[in-house]
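Basically our numbering = 1-based index in the sequence shown + 41.
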Amino acid sequence: MERRTLEQLEAALEAVSKELAPRVEELARKSTAGVLTPEEHQEYAEVVRLNDTLSLLKLQAEEFWSVRAAS
42 MERRTLEQLE AALEAVSKEL APRVEELARK STAGVLTPEE HQEYAEVVRL NDTLSLLKLQ
102 AEEFWSVRAA S
């Protein structure tokens, strides 16, 4: 695994957050109000799952590099 991988994951997380933020905020408001359509619910779940996956990959990459740096 290259150190660049961590930088790419950070960039992907930032891009997802920045580009999808307005839509995610809208879906979150509608979810709180209980007015999501089935399609919106699926979209919201997919965005949350994507964010969770990217976050997990970033944490794993950080752990990999911190262990490697300690060696």
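Positions of the beta carbon are idealized from the N, C-alpha and C atoms, including for glycine.
How would you label Leu97, buried or exposed, when you count the other beta carbons within 10 angstroms and need 16 or more for buried? In this structure Leu97 is exposed. Its beta-carbon is surrounded by fewer than 16 other beta-carbon atoms within 10 angstroms.
For Glu60 and Ala53, what's the separation of their Cα atoms in angstroms? If you take the alpha carbons of Glu60 and Ala53, they lie about 10 Å apart.
Among the residues of its own chain, which have a CB less than 7 Å from the CB of Val88, if the five just before and after it don't count? The beta carbon of Val88 lies closer than 7 Å to those of Leu61 and Val65 in the same chain, with the five residues before and after it left out.
Three-state secondary structure (DSSP) at Thr73? Assignment of Thr73 by DSSP, reduced to helix, strand and coil, places it in the helix class.
Would Leu91 and Tyr85 qualify as a contact pair, given that the criterion is a beta-carbon distance under 8 Å? No, the pair does not count as a contact, with Cβ atoms beyond the cut-off.
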